[in-house]
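Chemist: To start, I am sharing the structure in question, which I have written as structure tokens.
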Ligand code: ADP
Ligand code: ASP
Ligand code: MG
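Numbering (the working numbering), first residue to last: 197 to 639.
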């Protein structure tokens, strides 16, 4: 059995859904197909929700565009009139529900996270119905019935145990061809609609593949595979044929949008390979992600970057040699739900520099200032130093390990090009070197 996930661009138009029909027609194994919302619809749903909250009737314009795009697609794609009528009827019912929720937000001028999650779920609810109708013999399996989440540390995380149990209940026996909406889920306790985060359809597919022991997880998208860099930033980027799970995780965590970061772990734990393939170029072999990259892999397999980064420096002479300062820093940040993606500390120990996303910067500074208020008051530590408008870059490759000269080459290249490095970090596993530069020097 295979799990195939099709992203927004792959379900975005009638032509792209015809490509999916073509891809599925070639399959010989049982298949579970996971789909995203039609490309751009999730953003439009969020926009409609915020317009309903903040303005007059403008949200209805976006709603009408969403409605028309789905109905037009059905009319062109589904030629059997009975199927077409039934599907239109079902989609109209779902759209009426969406309009009522948007109207509720508009009327009472309140958009809770709960309402936002409900609104944003409609994209996948509709796309999964359209794709099911377009694939002969397919049955629809509703992810809201088996993907369960829980609230933990201020975040919405997968409730793995409950999800696995429900997937087994819903997929025994495994259908020959099933279609599921990606991204959407429900809270295990309250039954409220939640989701797995932006880009989360990849994760839905990985959870299904791992739980049902698929032979492979195929991620079908709009590029020829995992590339050496974001092709929108670096036009010379080329497809990487093979990556290890570790390399792929490092690249995704550092902004390679092609795979949503939590996707790798469930299939890695079961040693199930991931293939990244292009829906629009079927001859291409794409990228394979598995336990070990192929033997001829290069030292550096790729690089990725994150924009809108802030660096916060916690410093003071009283930190030198004092055990537990880092525990306090990370404890305070974890309690506030702030994730730190880069840490740099020199051996003098008088400062620790942390890389966070700019959107988390204010809250991070606030909690750290509170945590060290006593020390700052008596002058044994300094107020937090903040630098914004930065970008972080990571170069990745498992074969960098034990290979001298890579860091020298990296910093030499940056220096020759007049790029000053604000902070950098390299773990002892040597699979990744990360550094921070001013954002305007990113490209
Ligand atoms: P989908 O809608 O199929 O989920 P996404 O837009 O989420 O597609 O991811 C695919 C996009 O990721 C590509 O179009 C590309 O612009 C971007 N991208 C960023 N970094 C990389 C990379 N290293 N390799 C390939 N694509 C990348
Ligand atoms: N539709 C969701 C998003 O745009 C999930 C996904 O596409 O994976 O983020
Ligand atoms: Mg995606």
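The beta-carbon is built from N, C-alpha and C at its ideal position, and this holds for glycine as well.
Computed from a predicted structure; not experimentally measured.
Can you list, in chain order, the stretches of the beta strand (DSSP E) that have 3 or more residues and sit fully within the region 494-539?
Modeler: Runs found: 498-511.
Chemist: Using the Cβ count rule (16 or more neighbours within 10 Å means buried), how would you classify residue 608?
Modeler: Taking the first residue of the chain shown as 1, we reach residue 608 at position 412. Residue 608 should be labelled exposed.
Chemist: I'd like to know whether the C-beta atoms of residue 589 and residue 443 end up nearer to each other than 7 Å.
Modeler: Within the chain shown, residue 589 is the residue found at index 393, counting from 1. Within the chain shown, residue 443 is the residue found at index 247, counting from 1. Their beta carbons are not under 7 Å apart, which means residue 589 does not touch residue 443 by this criterion.
Chemist: With a floor of 4 residues, list each alpha helix (DSSP H) that falls wholly inside the region 310-382, ordered by position along the chain.
Modeler: Listed in chain order, they are 318-330, 356-366.
Chemist: Please state if the CB of residue 213 and the CB of residue 240 are separated by a distance shorter than 7 Å.
Modeler: In the chain shown, the residue the question calls residue 240 occupies position 44. In the chain shown, the residue the question calls residue 213 occupies position 17. No, they are not a contact pair.
Chemist: Nearest-angstrom Cα distance between residue 287 and residue 314?
Modeler: Here residue 287 is taken as the residue at index 91 of the chain shown, counted from 1. Here residue 314 is taken as the residue at index 118 of the chain shown, counted from 1. Near 16 Å, if we compare the C-alpha coordinates of residue 314 and residue 287.
Chemist: Between the Cα of residue 199 and those of 269, 397, 291, 218, spot the shortest distance and give me the residue it belongs to.
Modeler: Position 3 of the chain shown, counted from the start, is the residue given in the question as residue 199. Measuring from the Cα of residue 199, the nearest candidate turns out to be 397.
Chemist: Assuming residue 619 and residue 549 form a contact by the criterion Cβ under 8 Å, report the distance between their Cβ atoms to the nearest whole angstrom.
Modeler: Against the chain shown, residue 619 aligns to sequence position 423. Against the chain shown, residue 549 aligns to sequence position 353. At roughly 5 Å, the Cβ-Cβ gap stays under 8 Å, so residue 619 and residue 549 are in contact.
Chemist: For residue 203, is the beta carbon positioned less than 6 Å from some heavy atom of the ligand MG?
Modeler: Within the chain shown, the letter at position 7 stands for residue 203. Yes, the ligand MG has a heavy atom inside 6 Å of this Cβ.
Chemist: Pick out the complete alpha helix (DSSP H) segments inside the region 388-466, 4 residues or longer, and give them in chain order.
Modeler: Listed in chain order, they are 397-407, 441-449, 460-465.
Chemist: Consult DSSP for residue 243 and reduce its assignment to one of helix, strand or coil.
Modeler: Position 47 of the chain shown holds residue 243. DSSP places residue 243 in helix when its eight states are reduced to three.
Chemist: Just to confirm my understanding: we take residue 349, look at its own chain, exclude 5 residues before and 5 after, and list those with CB closer than 7 Å. What are they?
Modeler: Taking the chain shown and counting its residues from 1, one reaches residue 349 at position 153. 530, 533, listed in sequence order.
Chemist: Take the Cβ of residue 647 as the centre, count every other Cβ of all protein chains shown within 10 Å, and call the residue buried at 16 or more, exposed below.
Modeler: Missing from the structure shown is residue 647; the chain here goes from 197 to 639 and no further.
Chemist: Would DSSP call residue 305 helix, strand or coil?
Modeler: Looking up residue 305 in the chain shown gives position 109. If DSSP states are grouped into helix, strand and coil, residue 305 belongs with coil.
Chemist: Quick one: Cα of residue 575 to Cα of residue 513, how far?
Modeler: On the chain shown, residue 575 is found 379 positions in, with the first residue counted as 1. On the chain shown, residue 513 is found 317 positions in, with the first residue counted as 1. The alpha-carbon atoms of residue 575 and residue 513 are separated by roughly 9 Å.
Chemist: Which of helix, strand or coil does DSSP assign to residue 201?
Modeler: Within the chain shown, the letter at position 5 stands for residue 201. Reduced to three states, the DSSP call for residue 201 is strand.
Chemist: Could you spell out where the beta strand (DSSP E) holding residue 470 opens and where it closes?
Modeler: Along the chain shown, read from residue 1 onward, the residue named residue 470 stands at position 274. Looking at the DSSP string, the run of the beta strand (DSSP E) that includes residue 470 is 470-474.
Chemist: Considering only C-alpha positions, which residue in the set 351, 251, 211, 465 is nearest to residue 402?
Modeler: Taking the chain shown and counting its residues from 1, the one referred to as residue 402 is at position 206. Comparing Cα-Cα distances from residue 402 to each of 351, 251, 211, 465, the minimum goes to 465.
Chemist: Taking only three categories from DSSP, how would you classify residue 569?
Modeler: Taking the chain shown and counting its residues from 1, the one referred to as residue 569 is at position 373. Note: residue 569 maps to helix in three-state DSSP.
Chemist: Nearer than 6 Å: is that true of the beta carbon of residue 428 relative to any heavy atom of the ligand ADP?
Modeler: As a working note, residue 428 is residue 232 in the chain shown. Correct: residue 428 has its Cβ closer than 6 Å to the ligand ADP.
Chemist: Classify residue 616 as helix, strand or coil using the three-state DSSP reduction.
Modeler: Translated into positions along the chain shown, residue 616 becomes position 420. In this structure, residue 616 counts as coil in the three-state DSSP scheme.
Chemist: Of the choices 227, 311, 208, whose alpha-carbon is the least far from that of residue 333?
Modeler: Position 137 of the chain shown, counted from the first residue, corresponds to residue 333. For the residues 227, 311, 208, the minimum Cα distance to residue 333 belongs to 227.
Chemist: Taking 7 Å as the limit between beta carbons, can you name the residues of its chain near residue 470, skipping five residues before and five after?
Modeler: Walking along the chain shown from the start, residue 470 turns up at place 274. Hits under 7 Å: 413, 415, 463, 485.
Chemist: List in chain order: all unbroken alpha helix (DSSP H) runs of 4+ residues lying wholly within the region 246-287.
Modeler: Within the region 246-287, the complete alpha helix (DSSP H) runs of at least 4 residues are 254-273.
Chemist: At a cut-off of 6 Å, is residue 319 close to the ligand MG when judged by its beta-carbon and the heavy atoms of the ligand?
Modeler: As a first step, residue 319 must be located in the chain shown, where it is residue number 123. Checking the Cβ of residue 319 against the ligand MG gives no.
Chemist: For the region 251-259 against the region 316-334, are there 3 or more C-beta pairs whose distance is under 8 Å?
Modeler: The answer is no - the region 316-334 does not touch the region 251-259, with fewer than three Cβ pairs under 8 Å.
Chemist: Identify whether residue 215 lies in helix, strand or coil by the three-state DSSP scheme.
Modeler: What you label residue 215 is simply residue 19 of the chain shown in a count that begins at 1. DSSP places residue 215 in helix when its eight states are reduced to three.
Chemist: If we call anything under 7 Å between Cβ atoms a contact, is residue 498 one with residue 564?
Modeler: The residue you call residue 498 lines up with position 302 of the chain shown. The residue you call residue 564 lines up with position 368 of the chain shown. Not a contact, by the Cβ cut-off of 7 Å.
Chemist: Let's test the definition: count the other Cβ atoms within 10 Å of the Cβ of residue 573 and tell me whether it reaches 16, buried, or not, exposed.
Modeler: On the chain shown, position 377 is the one that residue 573 refers to. So residue 573 ends up on the exposed side.
Chemist: Can you tell which of 278, 631, 201, 595 has the C-alpha that lies nearest to the C-alpha of residue 611?
Modeler: Here residue 611 is taken as the residue at index 415 of the chain shown, counted from 1. Per the Cα distances, 631.
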